[in-house]
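A short write-up of the structure that comes next.
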Amino acid sequence: VPSAVVFARSRHGTVRRCNMAQSTSLRGAEAGAPAPLTPADNPARAAELEVEVEHLRKALVSRDVIGQAKGILMERFKATADEAFGLLVQASQNRNVRVADLAVELAETGEWLGPVPG
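The sequence shown lines up with residues 94 to 211 when you count with the working numbering.
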């Protein structure tokens, strides 16, 4: 199926997800290249990859909101990006809360209960 998404194993044993319509390396399968893998070929690995993709999606969201919080702190305290991130980390440790959760709180409310640069 030309538009199918499959898992393919490289000659080094690496498994990766490929779109058959976009992959030129998979088109040569009949010329002796390894056959494409499907999730049914290795369900445990497919499940691991699904979990990894979900974690990466969450990381992208966290990164965005942390950037927003850094921007707020930079503007409010005339701080550099590193100083603003340091304030987030310090507040995170003081309150025993994840940096991303503090960032969401700051971005949503505008309230900063963390340290003030001196």
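Cβ coordinates follow ideal geometry from the N, Cα and C atoms, glycine included.
Here the structure is a predicted model, which is why all the values come from computation and not from measurement.
Proximity of the stretch 133-146 to the stretch 175-194 falls short of the contact definition, fewer than three beta-carbon pairs being nearer than 8 Å. About 19 Å separates the beta carbons of residue 159 and residue 209, which is beyond the 8 Å limit, so they are not a contact pair.
Distance from residue 162 to residue 196 at the Cβ level is roughly 4 Å; contact confirmed, criterion being Cβ atoms closer than 8 Å.
For residue 150, the enclosing alpha helix (DSSP H) starts and ends at 136-170. Sixteen is the threshold: since fewer than 16 other Cβ atoms of the shown chains lie within 10 Å of the Cβ of residue 201, the residue is exposed.
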